[in-house]
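Numbered according to our numbering, the sequence shown spans residues -9 to 352. Idealized CB from N, CA, C, for every residue including glycine. All of these numbers come straight from a predicted model, not from anything done at the bench.
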Amino acid sequence: MYTLPFDTYPLLRPFAFLFDPEVAHNLAMGCLKKGLIPCPPKVDYPTLHTFFGGTELPHPIGLGAGFDKQAEIIPQLFDLGFSHVEIGGVTPKPQPGNPKPRMFRIAEAGALINRFNLNSIGFDAFLRRLEAWYDLTPREKRGMVGVNIARGDNCLDDVEAFIWGIKKFSPYVRFVTLNISCPNEACARQLEAEDKLKELLERVKNTIETLEKKPLLIVKISPDQTEEQAQAIARAALTFSIDGMIVSNTTATRPPSVKSSPLAHQRGGLSGKPLFEMSTKLLGYMYQATGGKIPLIGSGGVFTGEDAYAKIRKGASIVQVYTAFVFRGPFVAAHICKELDACLRRDGFSSVVDAVGADFKK
Ligand SMILES: Cc1cc2nc3c(=O)[nH]c(=O)nc-3n(C[C@H](O)[C@H](O)[C@H](O)COP(=O)(O)O)c2cc1C
């Protein structure tokens, strides 16, 4: 990868948007693999230094699951300036996902709808890639990598699928995310029911205790919760002292800002700007319901530093983006960091850590 002092994506985007979104994504992946995409210059913002689960991070902005689903471009993603990278979702067995087309771009609303339904190379092939990356990368360059695990289509036992994945991947990653909220997976959301979730967390926690290298345990939840369901998840998270919660995945609903789009009727999970408000509201709810005791990762519609700042003020310790990568391009993390630094300074914060949950503090 090579560094460019300026961002060329605003010029290239109209061309990229001529392609079907999945084709554009695959082209971008190919270019990233070959080092054809420029990286932004590295800038250190002391205001943005933070910690998550005991790991020091240069800033809070990471890449969410689903972009590098098959663990192909981890080093390149760090070169683009993300502070942490979540790879996957990966399923136990290889599965093709839904037929194409399965990703839709609603450009005027800054949104995507996807119904990939977890196209995955499966645990074994994924593990081989992860091992290769780990062996080739010096320790100080590995960065904070997490694996997003999903139960998949042909799995007999939900909990066993997660346990199997955790055992396989834990030697290589800093965190594992249990994706219990994929809107495209019929059974995944049943795991959000309180008794199922408690059973899952108890068994997963017991497994992690037996592992030599213990990954952080993160749970990713859906934004489409009733208050009662959200309360139940908060209780379970506290009971088992999980290490973090991602709030949130994509939504199966269609907020007013996309309803008039001709693509809004497409089945699948909606991400991007229209998800911002509902996912940020749930984030604030979770922060309060857990008394700030469970570190939260804000996800959903973050496009700018102001968006990231709003998530942090509502209780997010760190933030993830996905859809903004499509709309703002490979310099997205660099742009958001610069804007976030400006927001913090404007409001008199010398450290992002002090802004976490600021909306609920006197
Ligand atoms: C095409 C696509 C694929 C995704 N795949 C996954 C996935 O495999 N597992 C997962 O937990 N989340 C997945 N997500 C959800 C994102 O990680 C993120 O939580 C969500 O898109 C909201 O953030 P955003 O508005 O910044 O995109 C996917 C999102 C998109 C757009």
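| field | Cβ contact (3+ pairs, closer than 8 Å) linking the region 15 to 24 and the region 334 to 352 | value | no
| query | When we look at the beta-carbon of R336 and count the other beta-carbons within 10 Å, is it buried (16 or more) or exposed? | reply | exposed
| query | If we count the other Cβ atoms within 10 Å of its Cβ and call it buried at 16 or more, is Y277 buried or exposed? | reply | buried
| Helix, strand or coil: which one does DSSP assign to E76? | strand
| said: For a test of the three-state rule: what should DSSP assign to M(-9), helix, strand or coil? | reply: coil
| Distance cut-off 6 Å: T81 Cβ against heavy atoms of ligand 1 | no
| query | So what's S341 in DSSP terms, helix, strand or just coil? | reply | coil
| request: Tell me, please, whether the region 64 to 81 touches the region 337 to 346 by the rule of three or more beta-carbon pairs shorter than 8 Å. | output: no
| task | Answer yes or no: do G155 and I139 have a C-beta to C-beta separation smaller than 7 Å? | result | yes
| query | For A6, which residues from the same chain have a beta carbon less than 6 Å from its beta carbon, with the 5 sequence-adjacent residues on both sides left out? | reply | A14
| said: Can you look up Q278 in the DSSP assignment and give me helix, strand or coil? | reply: helix
| message | Can you tell me whether K283 is buried or exposed? The criterion is at least 16 other CB atoms within 10 Å of its CB, across all chains shown. | response | exposed
| task | Below 6 Å CB to CB, which residues in the same chain sit around L(-6) once its five sequence neighbours on both sides are set aside? | result | P28
| field | Terminal residues of the alpha helix (DSSP H) in which I308 lies | value | Careful: I308 lies outside any alpha helix (DSSP H), inside the beta strand (DSSP E) at A306 to V311.
| field | Rounded C-alpha distance that separates R132 from L67 | value | 11 Å
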